[in-house]
Every structure is written in C-alpha cells, then in structure tokens.
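Peer 1:
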Amino acid sequence: MGTTFEMAMGIFGLTLLLAAFVMGNFWGRGQHVMHYQIMNFIGGFVLAWYAFQLRNWVFATLEGIWGAFALANLVICVQAKVKGAKGDSLKKKAHL
1 MGTTFEMAMG
11 IFGLTLLLAA
21 FVMGNFWGRG
31 QHVMHYQIMN
41 FIGGFVLAWY
51 AFQLRNWVFA
61 TLEGIWGAFA
71 LANLVICVQA
81 KVKGAKGDSL
91 KKKAHL
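Here the numbering used here is used: the first residue of the sequence shown is 1, the next is one more, and so on.
Right under this line is the structure:
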C-alpha cells in the first residue's frame with residue numbers, strides 16, 4: 001500500500017491528471033494550452049513514481065510514457081509561444 005507520503009503523492013498526481021482531463025474535455029482547453037501540459041507532465045511522472053514505489057511495473061510504464069508525451073507536448077507549446085512572441089515583436093517593429 002505504501003507510506004502516507006507515497007499515498008499523498010499518488011493522490012496529488014491523480015488529481016492533476018483528472019483536472020487536466022476535465023479541463024480538456026469540458027472547457028474546451030486542450031493540448032495547445034501550456035497549463036494542461038504542465039498538469040499532465042507533473043501528474044504523469046508523480047503517478048509513475050508512485051507506481052514504481054508500489055512495484056506496479058505496468059502502471060509505472062503507462063504513467064511514465066504519459067508523462068513523456070506530455071513533456072514533449074509541453075516543449076512544443078513553449079517553442080510555439082517563443083516563436084509567437086518573436087513574431088509579435090517583429091510585427092510591432094514593422095508598424096513603427
């Protein structure tokens with residue numbers, strides 16, 4: 001079952017993943033929103049750590065892969081935001 005700390009971390013990770021799921025499905029937020037990817041990344045890796053502590057290898061693998069995909073999507077979101085910020089500054093300079 002794990003220690004109280006491990007259980008608390010598991011509940012924390014699960015809460016983040018479920019909040020991201022609700023945000024993505026019910027409020028039109030999705031994969032291009034940075035907060036969504038941050039929640040998936042942290043939640044996935046926290047649950048992977050929790051499953052590893054419990055020696056549940058299938059669940060640890062699933063959540064590790066979930067977290068890795070969320071990290072990849074987070075990097076894409078950050079790159080798009082940086083690229084968008086650069087594009088906005090170039091547009092402002094062109095209007096001067």
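By construction, the Cβ of each residue, glycine as well, lies at the ideal position given by its N, Cα and C atoms.
Tyr36 to Val58, Cα distance in whole Å?
Peer 2: Rounded to whole angstroms, Tyr36 to Val58 spans 24 angstroms at the Cα level.
Peer 1: Ignoring anything shorter than 4 residues or poking outside the region 30-90, list the alpha helix (DSSP H) runs there in chain order.
Peer 2: As far as the region 30-90 is concerned, its whole alpha helix (DSSP H) runs of at least 4 residues are 34-53.
Peer 1: Buried or exposed: Met39, going by 16 or more other Cβ atoms within 10 Å of its Cβ?
Peer 2: With 16 or more Cβ atoms within 10 Å of its Cβ, Met39 is classed as buried.
Peer 1: Note down the Cα distance separating Ile11 from Phe45, rounded to an integer number of angstroms.
Peer 2: The straight-line gap from Cα to Cα measures roughly 13 angstroms.
Peer 1: Are Gly43 and Leu16 close, meaning C-beta to C-beta below 7 angstroms?
Peer 2: A contact, by the Cβ cut-off of 7 angstroms.
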